[in-house]
Each structure stands twice: as C-alpha cells, then as structure tokens.
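In the working numbering, the protein residues as written are 144 to 356.
As structure tokens, this is what we get:
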C-alpha cells in the first residue's frame with residue numbers, strides 16, 4: 144500500500160491532483176464503480192486522437208417514430224459545439240459521449256410518456272405518399288421545371304388533401320437538418336462565439352508583440 148507521501152509525489156510528477164488518485168482507488172473498490180466512467184470513458188480512451196482537423200459545428204441525435212397510420216414523431220437532441228465544451232471544440236471522445244447521453248435522453252422520452260401518448264399528443268400526419276409527392280416536386284424544380292406558369296397560363300395547385308401532409312414532411316426535414324433553437328440559447332451561443340473570437344484576437348496579438356519579460 145502506498146503512503147500518503149508516495150501518492151502525493153506520484154501525482155506531482157504527472158501534475159494530477161491527489162483527489163483524482165483517490166477517486167480511481169475508490170472506483171476499483173466499488174463493484175458498480177465502472178458505471179461512473181461510462182459517460183467519460185470515450186473521452187479517456189480517445190483523447191490520444193486530439194482535436195480533429197475539421198471543426199464540428201454541432202451534433203444532432205434524431206429518432207423518427209413512424210406509425211402505420213401515417214403519424215410521425217421526431218425525438219431529437221441537439222447540441223451546438225459552443226455549449227458542449229468550454230473551448231467550443233467537439234472531439235471524437237466528446238461526440239461519442241454526447242451520442243450516448245442523447246440516446247439515453249431520447250429513451251427517457253418514451254419511458255416517461257409511452258408510445259401511445261407520443262402518437263396522440265406529439266405526432267403529425269406525414270406519410271410516405273406525402274413524402275413521395277414533395278420529393279417529386281423538389282426534383283422537378285431541381286431539373287428546371289416550372290410548377291407555376293409565370294406567363295399567365297393555368298396554375299397547377301396541389302390537391303387539398305395533400306397540402307398539410309406535405310407541409311408536415313417539409314417541417315420534419317427542416318427540423319432534422321436545422322433544428323429550431325430557442326432565442327435565449329441563440330443569444331448564449333452568440334455570446335460564447337464573441338468571447339471565443341476575442342480570445343483568439345488576444346492570443347494573436349500576444350504572438351505578434353510578445354509576452355512580458
């Protein structure tokens with residue numbers, strides 16, 4: 144058994160607080176201690192990969208529940224990089240952790256509500272037929288076709304029974320690609336981005352002019 148002095152010396156050599164050592168020892172003595180590492184273990188094991196070259200902007204976990212009657216409910220967990228870490232950088236390890244956390248949160252939605260409750264109170268009609276119609280219209284536009292004749296010809300309107308369902312499909316696609324963000328969260332992200340830019344500018348000026356002698 145190591146003495147207190149030996150532990151302090153060892154931790155000092157690797158620049159780690161002794162409380163971290165105490166925590167690791169406690170985990171090895173706890174039969175369920177490994178469960179406490181589940182959330183951070185990817186960050187520990189993947190730390191060697193460092194910071195990715197291509198900067199990730201956000202991570203969006205999406206589970207789409209589709210019922211046989213055409214009802215659809217998206218369950219999602221969206222995390223921008225600015226709110227995921229202090230430096231606003233998403234690494235391989237932190238992304239793996241966020242995927243795990245997001246999956247747990249989405250599972251809890253089903254656990255606390257039930258599938259029937261989600262169907263009756265949070266779903267909307269967005270069936271496969273409406274999806275095919277909407278995608279067909281988009282493909283036509285991308286191919287250069289005109290849906291409405293600007294020269295005064297007969298306008299072609301979508302049948303009323305398809306309008307709402309196609310709009311629901313469009314909203315689902317929008318929410319998955321660009322999820323809605325609350326105004327206060329947008330302000331928080333903007334403030335963090337501004338601070339990060341000021342920090343970068345200050346670091347750049349420090350490199351140009353040098354530090355204190």
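Where a beta carbon is used, it is the ideal one built from N, C-alpha and C, also for glycine. Quantities reported herein were computed from a predicted structural model and do not represent experimental measurements.
Check whether residue i and residue j have beta carbons under 9 Å apart
| i | j | result |
| --- | --- | --- |
| residue 183 | residue 240 | yes |
| residue 265 | residue 257 | no |
| residue 328 | residue 226 | yes |
| residue 154 | residue 163 | yes |
| residue 215 | residue 245 | no |
Cβ-based neighbour list, residue i, same chain, cut-off 7 Å, excluding 5 preceding and 5 following
| i | result |
| --- | --- |
| residue 402 | Because the chain here runs from 144 to 356, residue 402 falls outside it and cannot be looked at. |
| residue 148 | none |
| residue 150 | 161, 164 |
Length of the line joining the Cα atoms of residue i and residue j
| i | j | result |
| --- | --- | --- |
| residue 159 | residue 312 | 52 Å |
| residue 207 | residue 190 | 32 Å |
| residue 303 | residue 280 | 15 Å |
| residue 276 | residue 181 | 44 Å |
| residue 324 | residue 330 | 10 Å |
| residue 269 | residue 309 | 7 Å |
| residue 152 | residue 261 | 56 Å |
| residue 174 | residue 185 | 20 Å |
| residue 355 | residue 187 | Note that residue 355 has pLDDT 45, beneath the 50 cutoff, so the model's placement of it is unreliable and no number is given. |
| residue 287 | residue 247 | 44 Å |
| residue 171 | residue 338 | 40 Å |
| residue 301 | residue 340 | 48 Å |
| residue 332 | residue 197 | 20 Å |
| residue 347 | residue 283 | 50 Å |
Contacting residues, own chain, Cβ-Cβ under 8 Å from residue i (five flanking each side not counted)
| i | result |
| --- | --- |
| residue 166 | none |
| residue 318 | 217, 219 |
| residue 343 | none |
| residue 252 | 218, 261 |
| residue 243 | 181, 182, 185 |
| residue 145 | 153 |
Contact with chain B by residue i, beta-carbon distance below 9 Å
| i | result |
| --- | --- |
| residue 327 | Here there is only one protein chain, and chain B is not present. |
Residue(s) in a DSSP beta bridge with residue i
| i | result |
| --- | --- |
| residue 221 | 203 |
| residue 208 | 216 |
| residue 267 | 215 |
Closest by C-alpha distance to residue i, when choosing among the options
| i | options | result |
| --- | --- | --- |
| residue 315 | 263, 267, 260, 285 | 267 |
| residue 321 | 155, 196, 203 | 203 |
| residue 195 | 334, 237, 168, 301 | 237 |
| residue 272 | 307, 256, 205 | 307 |
| residue 209 | 246, 259, 170 | 259 |
| residue 336 | 229, 247, 251, 301 | 229 |
| residue 305 | 274, 145, 285, 283 | 274 |
The ligand MG heavy atom lying under 8 Å from the CB of residue i
| i | result |
| --- | --- |
| residue 276 | Among the components of this structure there are no ligands whatsoever, and the ligand MG is therefore not found. |
Beta-carbon contacts of residue i that lie in its chain and below 6 Å, excluding the five residues immediately before and after
| i | result |
| --- | --- |
| residue 192 | 235 |
| residue 212 | none |
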